[in-house]
Amino acid sequence: MGSGWWIHEMNHDYGAWMVAGYALIVIFSISLHELAHGWAAIWQGDRTPIESGHMTWNPLVHMGWPSLLMFAVVGIAWGLMPVDPSRMRHGRRSMGWVALAGPAMNVLIAFITLTVLAVAVAKNLSFGERMSTLLWIAGYINLALAMLNLLPIPPLDGSRIAAGLSIKAYAFFNRPDVAGASVFVLLAVVFLGGGDLIFEAARAGVKWYMMFAERLLST
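Per numbering that gives the first Met the number 0, the very first residue in the sequence shown carries number 0; after that it's consecutive.
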């Protein structure tokens with residue numbers, strides 16, 4: 000079916016509205032993830048996000064053309080928020096909080112979108128099938144992004160959170176050999192079954208929360 004290009008297949012199966020909605024959700028979620036890193040860094044005393052011009056809602060600043068083009072071609076995207084741990088109040092520990100802020104933002108987005116959807120279902124409010132689908136996808140994608148970023152593999156946030164908690168983890172993740180091999184480890188994890196496990200876990204998490212919220216709202 001189709002050419003194998005994800006945009007072609009999604010458009011074929013669901014229509015242009017799904018392609019546009021999905022793309023906006025991913026771009027918005029990654030941008031907010033990076034802004035959360037920036038807000039946390041500023042809170043910890045580092046003004047690098049401001050000085051570098053990254054405290055903006057412009058997704059091109061956070062993702063850049065390489066990420067946006069990769070997203071368009073294969074559906075994979077990433078973002079970047081420049082920070083400087085040496086300017087933070089508590090150095091390594093502050094960096095741990097800054098790293099945690101990104102996945103926490105994704106969890107917050109998932110919580111908000113799924114709660115809105117659960118309220119609509121429990122109270123028989125009609126958002127329309129398309130809006131309900133996009134709310135579900137927003138929750139699902141953001142929960143998956145949070146889970147992925149919490150993996151303790153550089154350059155993901157999980158490695159920086161671990162480094163903030165433990166000096167031994169900090170020393171380990173900053174070893175040149177570990178840093179050099181981490182990209183290959185990450186690719187192996189994602190493409191050799193780990194990615195599927197993350198998406199399955201995110202789907203299960205969305206299902207559990209929707210059941211919990213609807214049950215809570217119906218009492």
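Note that the Cβ used here is the ideal one computed from N, Cα and C, for glycine as well.
Quick caveat: nothing in here was measured; it's all calculated off a predicted structure.
Per-residue DSSP class, three states only, for residue i
i	result
proline 151	coil
arginine 86	helix
alanine 98	helix
methionine 0	Confidence is the limiting factor: at methionine 0 the pLDDT is only 37, short of 50, which leaves the residue's position unreliable and the question unanswerable from this model.
asparagine 57	coil
arginine 159	helix
methionine 80	coil
asparagine 123	coil
isoleucine 140	helix
proline 179	The amino acid occupying residue 179 in the given sequence is glycine; proline does not appear at that position. Glycine 179 falls in the helix class under three-state DSSP.
glycine 63	helix
isoleucine 75	coil
Residue range of the alpha helix (DSSP H) that includes residue i
i	result
isoleucine 41	15–42
asparagine 10	5–12
phenylalanine 172	166–172
alanine 200	194–217
isoleucine 49	47–50
6 Å CB neighbourhood of residue i in its chain, flanking five on each side removed
i	result
glutamate 33	His61, Gly78, Met80
leucine 99	Ile160
isoleucine 49	none
leucine 31	Met104
valine 106	Ala145
threonine 55	none
phenylalanine 211	none
Beta-carbon contacts of residue i that lie in its chain and below 8 Å, excluding the five residues immediately before and after
i	result
arginine 91	Pro84, Ala162, Gly163, Ile166, Tyr169
alanine 76	Val25, Ile26, Ile29, Met62, Ser66, Leu67, Met69, Phe70
leucine 216	Ala117, Val118, Ala121, Lys122
leucine 155	Leu147, Asn148, Leu149, Leu185
isoleucine 136	Gly20, Tyr21, Ile24
valine 177	Pro153, Phe171
Residue of the options minimising C-alpha distance to residue i
i	options	result
threonine 132	His7, Ile6, Trp4, Gly14	Gly14
isoleucine 6	Leu59, Val72, Trp42	Val72
glycine 152	Phe198, Asn173, Glu50, Ala76	Sequence inspection shows isoleucine at residue 152; the glycine mentioned does not correspond to that position. Minimum Cα distance to isoleucine 152 is reached at Asn173.
leucine 113	Pro102, Tyr139, Met94, Ser93	Tyr139
arginine 129	Trp16, Val97, Leu142	Trp16
alanine 109	Asp176, Ala178, Glu213, Ala201	Ala201
valine 115	Leu185, Met87, Val205, Arg88	Val205
alanine 145	Gly194, Leu124, Gly127	Gly194
methionine 87	Gly44, Leu59, Trp96, Leu107	Gly44
proline 102	Gly127, Trp135, Ile136, Asn141	Asn141
glutamate 213	Val82, Asn57, Leu124, Leu59	Leu124
alanine 143	Thr218, Val189, His89	Val189
histidine 89	Phe126, Thr47, His53, Trp42	Trp42
valine 97	Ala203, Leu196, Gly37, Ala178	Gly37
7 Å CB neighbourhood of residue i in its chain, flanking five on each side removed
i	result
serine 158	Pro151, Ile152, Phe172
alanine 19	none
Residue i CB to nearest heavy atom of the ligand COA below 6 Å
i	result
alanine 119	For the structure depicted, the ligand COA is absent and the ligand set is empty, with no information on it obtainable.
is_contact[residue i, chain C] using C-beta, thresh 7 Å
i	result
histidine 7	You won't find chain C in this structure, because it holds only one protein chain.
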